[in-house]
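Chemist: Residue numbers (our numbering), protein chains in the order written: chain Y, 129 to 313; chain X, 129 to 313.
The beta-carbon is built from N, C-alpha and C at its ideal position, and this holds for glycine as well.
Quick caveat, the model's predicted, so the values are computed rather than measured.
2 protein chains.
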Amino acid sequence: MKPTDEQAKESIDQAKDLVIESLGETMDLYGVTRSVGNLYGTMYFEESMTLDEMREKLKMSKPSMSTGVKKLQEFDIVKQSFQRGTRKQTFVAEKNFFSFFNKFFTKKWEREVTLNLDAIKEAQPILEEVINSDDVSQEIKNEAQSIYVQIEYSKAYYYWLQQLVEGIRSGKIFEAFPVEQNHHE
Amino acid sequence: MKPTDEQAKESIDQAKDLVIESLGETMDLYGVTRSVGNLYGTMYFEESMTLDEMREKLKMSKPSMSTGVKKLQEFDIVKQSFQRGTRKQTFVAEKNFFSFFNKFFTKKWEREVTLNLDAIKEAQPILEEVINSDDVSQEIKNEAQSIYVQIEYSKAYYYWLQQLVEGIRSGKIFEAFPVEQNHHE
DNA sequence: AAATTCGTTAAGAAAAAAATTAACAAACTT
DNA sequence: AAGTTTGTTAATTTTTTTCTTAACGAATTT
């Protein structure tokens, strides 16, 4: 290897680190720990990695890598790739950011929808009981009614969000917002 | 006030708390602290609130409310409402979840776009220098080239995300995904 | 079967985040 | 002007989270 190759390698690492760091900061924006974000960023530049390779690259303990990978698997942005020959497990990161967006946000949004619709479904009967009671003053009834209507109205948003999730999953969103291959600033 | 009114009030609070809690958990999903999420949920059911009213409701200190409100203001989902007569500041939460979605996510996504495009813009010249150098082995050059192409390709995603942000801001997204007023399960 | 490798769980330590009390500064009241 | 009220900042404490070391169990190799 040429003597300048070492320098070039360092430059490459430097370039990678810039991107890894911004990916880490991005994931931080969405509530993912910085070190888990950095792990994703690192994997973004590797075909596949074992836990030991991650530990090596990130200078962290193996259990940290194990839990970090697990988190990323929960988001569906890292998969275990079955590789024959070695006993070690290897993991592959989702490298297509459109897929990343799809998996990450639809999962969260779907959780939001069920979570809140369930809460509404539980809260409304309680309010109905107040509204329909004969022993409650009109003022209190009105208050209950007002809250009932407010949360009933909010359901439209959750249904919309569910539609959006489906539109992202199906690819319908790319009809409205096409991906431009050659973008000019 | 009727004797049963007290009971009714408790029921109303119970119903509210169910929704507040799910809103808090939702925001937790997106990296917002639980107590800040609960603050938003609480404000969601109030026309406007002063810091002291928040403190009262959430049984927390005033500085906590102050910083919590500040966080929510950063997300643009709480505004200070100028109310004459009182010296106290009053704050109003965004109650339309479509607006909430708009403000919360477009802000984050826009940050993601600039953050990563900036990193790419900084990383690519470093890689170019390696690629164009005469003193670097072909193998290393190829590696640099491969990374260059990978991050160049990823730009399409960020441009798309920017388009999505604009589509949400302009309301174009509601053409592709209309809001259904009367939704039937 | 004994020994090694690998991943995970458990327990403890370290670090980070969040909340509280105390102190302060600005604006207003008396 | 002296004294309140209000919101924020600073300092400290508390709590939570994250990371590491140690221990374990399963699978594999020798």
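Just to confirm the assignment, what range does the alpha helix (DSSP H) spanning Val-258 (chain X) have?
Modeler: One-based indexing of the second sequence puts residue 258 (chain X) at position 130. Val-258 (chain X) -> alpha helix (DSSP H) spans 225 to 260.
Chemist: Write down the C-beta distance between Ile-205 (chain Y) and Glu-222 (chain Y) rounded to the nearest angstrom, noting that I regard them as a contact closer than 8 Å.
Modeler: The sequence position of residue 205 (chain Y) within the first sequence is 77, counting from 1. The sequence position of residue 222 (chain Y) within the first sequence is 94, counting from 1. The pair is a contact, with the Cβ atoms about 4 Å apart (cut-off 8 Å).
Chemist: If Ala-304 (chain Y) sits next to Ala-304 (chain X), beta carbons under 8 Å apart, how far is it from one beta carbon to the other, in whole angstroms?
Modeler: Taking the first residue of the first sequence as 1, we reach residue 304 (chain Y) at position 176. Taking the first residue of the second sequence as 1, we reach residue 304 (chain X) at position 176. With a Cβ gap of about 3 Å, Ala-304 (chain Y) and Ala-304 (chain X) count as contacting.
Chemist: Going along chain Y in order, which residues have a C-beta closer than 8 Å to the C-beta of Ala-284 (chain X)?
Modeler: Position 156 of the second sequence, counted from the first residue, corresponds to residue 284 (chain X). What Ala-284 (chain X) touches in chain Y: Val-307, Glu-308, Gln-309 and His-311.
Chemist: Thr-178 (chain Y) versus chain X: which residues are under 9 Å apart at the beta carbon?
Modeler: On the first sequence, position 50 is the one that residue 178 (chain Y) refers to. Under the 9 Å cutoff, chain X gives no residues; its nearest Cβ is about 20 Å from Thr-178 (chain Y).
Chemist: Which same chain residues, not among the five before or five after Phe-173 (chain X), have their C-beta less than 6 Å away from its C-beta?
Modeler: Translated into the one-based positions of the second sequence, residue 173 (chain X) becomes position 45. Correct list, in chain order: Lys-144.
Chemist: Specify, as a first and last residue, the run of the beta strand (DSSP E) that Gln-208 (chain X) falls within.
Modeler: Along the second sequence, read from residue 1 onward, the residue named residue 208 (chain X) stands at position 80. Segment 206 to 209, the beta strand (DSSP E) holding Gln-208 (chain X).
Chemist: Could you give the C-beta distance for Phe-225 (chain Y) and Gln-208 (chain Y), rounded to a whole number, given that I count them as a contact under 8 Å?
Modeler: For the purposes of this step, residue 225 (chain Y) is taken as residue 97 along the first sequence, with counting starting at 1. For the purposes of this step, residue 208 (chain Y) is taken as residue 80 along the first sequence, with counting starting at 1. Not confirmed; about 21 Å, so no contact.
Chemist: At a CB-CB cut-off below 7 Å, which residues of chain X make contact with Leu-167 (chain Y)?
Modeler: Indexing the first sequence from 1 puts residue 167 (chain Y) at position 39. Within chain X, no residue comes near Leu-167 (chain Y); the closest Cβ sits about 17 Å away, beyond 7 Å.
Chemist: Give the list of continuous beta strand (DSSP E) stretches no shorter than 3 residues that lie fully inside the region 155 to 227 of chain Y.
Modeler: 206 to 209 and 218 to 221
Chemist: Can you tell which of Y:Ile-268, Y:Phe-228, Y:Ser-189 and Y:Arg-212 has the C-alpha that lies nearest to the C-alpha of Thr-132 (chain X)?
Modeler: Taking the first residue of the second sequence as position 1, residue 132 (chain X) is located at position 4. With distances taken between Cα atoms, Thr-132 (chain X) lies closest to Y:Ile-268.
Chemist: So which of Y:Asp-141, Y:Glu-153 and Y:Glu-149 has the shortest CA-CA distance to Thr-239 (chain X)?
Modeler: Counted from its first residue, the second sequence places residue 239 (chain X) at position 111. The question names Thr, yet the displayed sequence has Arg at residue 239 (chain X). The candidate whose alpha carbon is nearest that of Arg-239 (chain X) is Y:Glu-153.
Chemist: Would you please verify whether the beta carbon of Arg-239 (chain X) is less than 8 Å from any beta carbon of chain Y?
Modeler: One-based indexing of the second sequence puts residue 239 (chain X) at position 111. Output row for Arg-239 (chain X): interface = yes.
Chemist: Of all Cβ atoms in chain X, is any one closer than 8 Å to the Cβ of Val-206 (chain Y)?
Modeler: Taking the first sequence and counting its residues from 1, one reaches residue 206 (chain Y) at position 78. Closer than 8 Å: no.
Chemist: Let me know the secondary structure DSSP gives Asn-270 (chain Y) once reduced to three states.
Modeler: The residue labelled residue 270 (chain Y) in the question sits at position 142 within the first sequence. Helix.
Chemist: With a cut-off of 8 Å, does the C-beta of Leu-200 (chain X) fall near any C-beta of chain Y?
Modeler: Mapped onto the second sequence, residue 200 (chain X) falls at position 72. Judged by the 8 Å Cβ criterion, Leu-200 (chain X) is not in contact with chain Y.
Chemist: Could you check how far apart the C-beta atoms of Val-293 (chain X) and Ile-140 (chain Y) are, in whole angstroms? I think they sit under 8 Å.
Modeler: As a first step, residue 293 (chain X) must be located in the second sequence, where it is residue number 165. As a first step, residue 140 (chain Y) must be located in the first sequence, where it is residue number 12. The Cβ separation is near 32 Å, so there is no contact.
Chemist: Would you say Ser-150 (chain Y) faces chain X, with C-beta separation under 8 Å as the test?
Modeler: Within the first sequence, residue 150 (chain Y) is the residue found at index 22, counting from 1. By this cut-off, Ser-150 (chain Y) is an interface position.
Chemist: Buried or exposed for Gly-165 (chain Y), please, with buried defined as at least 16 other CB atoms from any protein chain shown within 10 angstroms of its CB.
Modeler: Here the question's residue 165 (chain Y) lines up with position 37 in the first sequence. Buried: at least 16 other Cβ atoms inside 10 Å.
Chemist: Note down, in chain order, every chain X residue with its Cβ under 9 Å from the Cβ of Asn-230 (chain Y).
Modeler: Your numbering for residue 230 (chain Y) matches position 102 in the first sequence. Neighbours of Asn-230 (chain Y) on chain X: none; closest Cβ ~11 Å, over 9 Å.
Chemist: Using a threshold of 8 Å, state whether the C-beta atoms of Tyr-276 (chain X) and Asn-244 (chain X) are closer than that.
Modeler: Taking the second sequence and counting its residues from 1, the one referred to as residue 276 (chain X) is at position 148. Taking the second sequence and counting its residues from 1, the one referred to as residue 244 (chain X) is at position 116. No. Outside cutoff.
Chemist: Below 8 Å on the Cβ atoms is my contact criterion, and I expect Lys-185 (chain Y) with Thr-170 (chain Y) to pass it. Report the Cβ-Cβ distance as a whole number of Å.
Modeler: Counted from its first residue, the first sequence places residue 185 (chain Y) at position 57. Counted from its first residue, the first sequence places residue 170 (chain Y) at position 42. About 5 Å separates the two Cβ atoms, so the contact holds.
Chemist: I want to see whether chain X comes within less than 8 Å of Ser-209 (chain Y), judged by CB atoms only; does it?
Modeler: Counting from 1 along the first sequence, the entry for residue 209 (chain Y) is found at position 81. Output row for Ser-209 (chain Y): interface = no.
Chemist: Flag this pair as yes or no: are the beta carbons of Val-264 (chain X) and Ala-136 (chain Y) separated by less than 8 Å?
Modeler: What you label residue 264 (chain X) is simply residue 136 of the second sequence in a count that begins at 1. What you label residue 136 (chain Y) is simply residue 8 of the first sequence in a count that begins at 1. Contact check for Val-264 (chain X) against Ala-136 (chain Y) passes: the beta carbons are separated by less than 8 Å.
Chemist: Using alpha carbons as the reference points, say which of Y:Val-147, Y:Gln-217, Y:Tyr-168 and Y:Glu-181 lies closest to Phe-228 (chain Y).
Modeler: Reading the first sequence from its first residue, position 100 is the one you call residue 228 (chain Y). Taking only the C-alpha atoms, the option nearest Phe-228 (chain Y) is Y:Tyr-168.
Chemist: Nearest CA to the CA of Ala-290 (chain X): which residue from X:Arg-183, X:Gln-252, X:Phe-233 and X:Glu-250?
Modeler: In the second sequence, the residue the question calls residue 290 (chain X) occupies position 162. The amino acid occupying residue 290 (chain X) in the given sequence is Gln; Ala does not appear at that position. That would be X:Phe-233, whose Cα lies nearest to the Cα of Gln-290 (chain X).
Chemist: Taking 8 Å as the CB-CB cut-off, is Val-277 (chain X) touching chain Y?
Modeler: One-based indexing of the second sequence puts residue 277 (chain X) at position 149. Not an interface residue.
Chemist: Using a Cβ cut-off of 8 Å (strictly closer), state whether Val-220 (chain Y) contacts chain X.
Modeler: On the first sequence, position 92 is the one that residue 220 (chain Y) refers to. Not one chain X Cβ lies under 8 Å of Val-220 (chain Y).
Chemist: Judging by CA-CA distance, which residue of Y:Phe-210, Y:Val-241 and Y:Gln-217 is the nearest neighbour of Ser-194 (chain Y)?
Modeler: The residue given as residue 194 (chain Y) occupies position 66 in the first sequence. Here the closest residue by C-alpha is Y:Gln-217.
Chemist: Pull out every residue of the region 242 to 256 of chain Y whose Cβ sits closer than 8 Å to any Cβ of chain X, in chain order.
Modeler: Leu-243, Asn-244, Asp-246, Ala-247, Ile-248, Glu-250, Ala-251, Gln-252, Ile-254 and Leu-255
Chemist: For Ser-139 (chain X), which residues in chain Y fall below 7 Å Cβ to Cβ?
Modeler: Numbered from 1 along the second sequence, position 11 holds the residue referred to as residue 139 (chain X). What Ser-139 (chain X) touches in chain Y: Ile-254, Glu-257 and Val-258.
Chemist: Considering just the uninterrupted stretch of the alpha helix (DSSP H) at Phe-305 (chain Y), what are its terminal residues?
Modeler: Mapped onto the first sequence, residue 305 (chain Y) falls at position 177. No alpha helix (DSSP H) contains Phe-305 (chain Y), which DSSP labels as neither H nor E.
Chemist: Using only the alpha-carbon positions, how far apart do Val-307 (chain Y) and Pro-253 (chain X) sit?
Modeler: For this step, residue 307 (chain Y) is matched to residue 179 along the first sequence. For this step, residue 253 (chain X) is matched to residue 125 along the second sequence. Distance between the alpha carbons of Val-307 (chain Y) and Pro-253 (chain X): 25 Å.
Chemist: Between Lys-236 (chain Y) and Leu-157 (chain X), how many whole angstroms is the CB-CB distance? I'm expecting something under 8 Å.
Modeler: As a first step, residue 236 (chain Y) is located in the first sequence; it is residue number 108 there, counting from the start. As a first step, residue 157 (chain X) is located in the second sequence; it is residue number 29 there, counting from the start. Confirmed, Cβ separation roughly 5 Å.
Chemist: Taking the Cβ atom as the reference point for each residue, do Leu-146 (chain X) and Ala-272 (chain Y) lie within a distance shorter than 8 Å?
Modeler: In the second sequence, counting from the first residue as 1, residue 146 (chain X) sits at position 18. In the first sequence, counting from the first residue as 1, residue 272 (chain Y) sits at position 144. The answer is no: Cβ separation not under 8 Å.
Chemist: Would you kindly check if the distance between the Cβ of Arg-183 (chain X) and the Cβ of Asn-230 (chain X) is under 8 Å?
Modeler: As a first step, residue 230 (chain X) must be located in the second sequence, where it is residue number 102. As a first step, residue 183 (chain X) must be located in the second sequence, where it is residue number 55. No, the pair does not count as a contact, with Cβ atoms beyond the cut-off.
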